[in-house]
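Undergrad:
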Amino acid sequence: MYSVISEIIQTTPVSSIYKGKIDEKEIMLFRHAALVHLLVTVRDLLLTCGLDTALGYLSKAKDIYKNILESCLNNIWRQLKIVQYSSQKKHETNPKITELQCQMLNWMQSYGDEHSVKVNNVNNFSKQTKLLQTM
7 MYSVISEIIQ TTPVSSIYKG KIDEKEIMLF RHAALVHLLV TVRDLLLTCG
57 LDTALGYLSK AKDIYKNILE SCLNNIWRQL KIVQYSSQKK HETNPKITEL
107 QCQMLNWMQS YGDEHSVKVN NVNNFSKQTK LLQTM
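Heads up: the sequence shown begins at 7 in my numbering, then just goes up one per residue.
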């Protein structure tokens, strides 16, 4: 369904909407479909990638659909920017990192005595490649 909506959004000429060739009901349907598609995509990006990625996508969407959905997207973008600013100001850690730390702690408490545990922290992909080659 989302690919169909995306296809409609990309193929419908915006100029024909404003020339009166399409009635108001179809215009509202188009706007609502576009907004739902964008909101679902932003939600998916928030859950899978993070706030920065979702904001980047939303910024591009604002530029592309500024004639159609500008006020709605501006409000959502502004609210997400506030969340981003406040989380950076408070130095909150990513919930995914916190969950990983809890799982590692539980694993260490369960299996740490039985095995010789070595933890490696890799911060760079080139270092990771070199490390994997030596193993």
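Glycine included, each C-beta is placed from N, C-alpha and C at the ideal position.
#1: Would you kindly work out how many angstroms separate the C-alpha atoms of Asp58 and Leu35, rounded to a whole number?
#2: Within 10 Å of its beta-carbon, does Val42 have 16 or more other beta-carbons around it, so buried, or fewer, so exposed?
#3: Out of curiosity, what's the CA-to-CA distance linking Asn73 and Leu79?
#4: How is Cys161 classed by DSSP in three states: helix, strand or coil?
#5: Measure the alpha-carbon distance for Asp50 versus Gly56 and round it to whole angstroms.
TA: So, to answer that:
#1: Translated into the one-based positions of the sequence shown, residue 58 becomes position 52. Translated into the one-based positions of the sequence shown, residue 35 becomes position 29. Near 30 Å, if we compare the C-alpha coordinates of Leu35 and Asp58.
#2: Here residue 42 is taken as the residue at index 36 of the sequence shown, counted from 1. The residue is exposed, with fewer than 16 neighbouring Cβ atoms inside 10 Å.
#3: Taking the sequence shown and counting its residues from 1, the one referred to as residue 73 is at position 67. Taking the sequence shown and counting its residues from 1, the one referred to as residue 79 is at position 73. Going from the Cα of Asn73 to the Cα of Leu79 covers about 11 Å.
#4: The first residue shown for the chain is 7 and the last is 141, placing residue 161 beyond what the model contains.
#5: As a working mapping, residue 50 is identified with position 44 in the sequence shown. As a working mapping, residue 56 is identified with position 50 in the sequence shown. Distance between the alpha carbons of Asp50 and Gly56: 9 Å.
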